[in-house]
Amino acid sequence: MPRYVAVAARLRERVVMAAEDGIFGLVLDEARAAQTPTGVMKRPLLSLVRLAPLPLPSEASQPSYDWLVAVWGEDAVRRFAPEDLPAELTDPEARRFLLDVGLPCVEGFLELDTSSLASGGLEVVLPTTEGPYALDPDRGPYCALGRWQEAELLLECRTGRVVQDGWSGLTDSLAACSLAEFVAMARLYFWWYRSRWPEDDLAEDVRRWWEEISPEAAATDGWQRVFEDYNFADRM
8 MPRYVAVAAR LRERVVMAAE DGIFGLVLDE ARAAQTPTGV MKRPLLSLVR
58 LAPLPLPSEA SQPSYDWLVA VWGEDAVRRF APEDLPAELT DPEARRFLLD
108 VGLPCVEGFL ELDTSSLASG GLEVVLPTTE GPYALDPDRG PYCALGRWQE
158 AELLLECRTG RVVQDGWSGL TDSLAACSLA EFVAMARLYF WWYRSRWPED
208 DLAEDVRRWW EEISPEAAAT DGWQRVFEDY NFADRM
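173 is the number that our numbering gives to position 166 of the sequence shown; each next residue is one higher, with no gaps.
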């Protein structure tokens, strides 16, 4: 981590360092530092560093258009017009989110591809009925959001839940209980994925953030696979 530090300041025994993605502090033991070691130091690389858990960013609890644009840019975040939303989409929170916040039209991370949302209206589709993990058609209608982990990513029009159609073999259909949850979880992952932080430094924080946002979704095999499967594209 130290090679990513850009600015540092010290006041007596306290040191604050700033990296590209955040800040961290150190407390120096000046009494020990002033001691002259007697003989050869047997443990010269002894580390007493402990990373403090990062709190969930407040923006993740209620994602906004500006929060999404901050990492993806205006060209990649689309707010839909009322005429772009089908009448079958009746969940009020999903409609509000699409109109006021929008969705990222992105690809290249998280095995996620929503680039097809960049133009046109939200399309009502019929999910596959094949395979042991196929969705129940009676929970539809569904709107297409793109692809996630080789499965179709869909929005349940009546409930606002985000689901995958089971085509990839993932046993849990749930991706998130709402659009806001799915977008927040993807956005937090992308911030970590593109940062210069070593993987192990923030991986547990990201997983804990997901659990705070949606314990039900975070427990599914779709989200668990992100950090546990070494065949996951972002780990290779």
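A virtual CB, placed ideally from N, CA and C, is assigned to each residue, including glycine. No experiment lies behind these values; they were computed from the predicted model shown.
If you look at Gly229, you'll find it isn't in any beta strand (DSSP E); it sits in the alpha helix (DSSP H) that goes 228-235. Put simply, the backbone Cα of Pro144 is about 10 Å away from that of Glu163. DSSP places Trp155 in no alpha helix (DSSP H) but in the uninterrupted beta strand (DSSP E) bounded by 149-155. In chain order, Leu117, Glu118, Leu119, Asp120, Gln171, Ala182, Gly229 place their CB closer than 8 Å to the CB of Trp155, counting only its own chain and leaving out the 5 sequence neighbours on each side. Taking a contact to require three or more Cβ pairs closer than 8 Å, the stretch 58-76 and the stretch 93-100 do not qualify as touching. Put simply, the stretch 220-227 does not touch the stretch 102-112. Fewer than three CB pairs are less than 8 Å apart.
By the neighbour-count criterion, in which 16 or more other beta carbons inside 10 Å mark a residue as buried, Tyr237 falls on the exposed side. About 4 Å separates the beta carbon of Gly167 from that of Ala101, a gap short enough to meet the 8 Å contact definition. Within its own chain, the residues whose Cβ lies closer than 7 Å to the Cβ of Asp179, once the five positions on either side in sequence are excluded, are Thr227, Asp228, Gly229, listed in chain order.
In this model, Pro60 and Cys112 are separated by some 31 Å (Cα to Cα). For Ala88, there is no enclosing beta strand (DSSP E), as DSSP gives it neither H nor E. As computed with DSSP, Leu161 is found in a beta bridge with Ala151, Val170. Nearest to Leu18 by C-alpha distance, out of Ala25, Val34, Val12, is Val34. With a cutoff of 8 Å on beta-carbon distance, Pro134 and Leu152 are scored as not near each other. In the DSSP secondary-structure assignment, Ala16 is bridged to Val23. Under a 10 Å Cβ-count criterion, Ser185 is classified as buried, with 16 or more other Cβ atoms of the shown protein chains found around its own Cβ.
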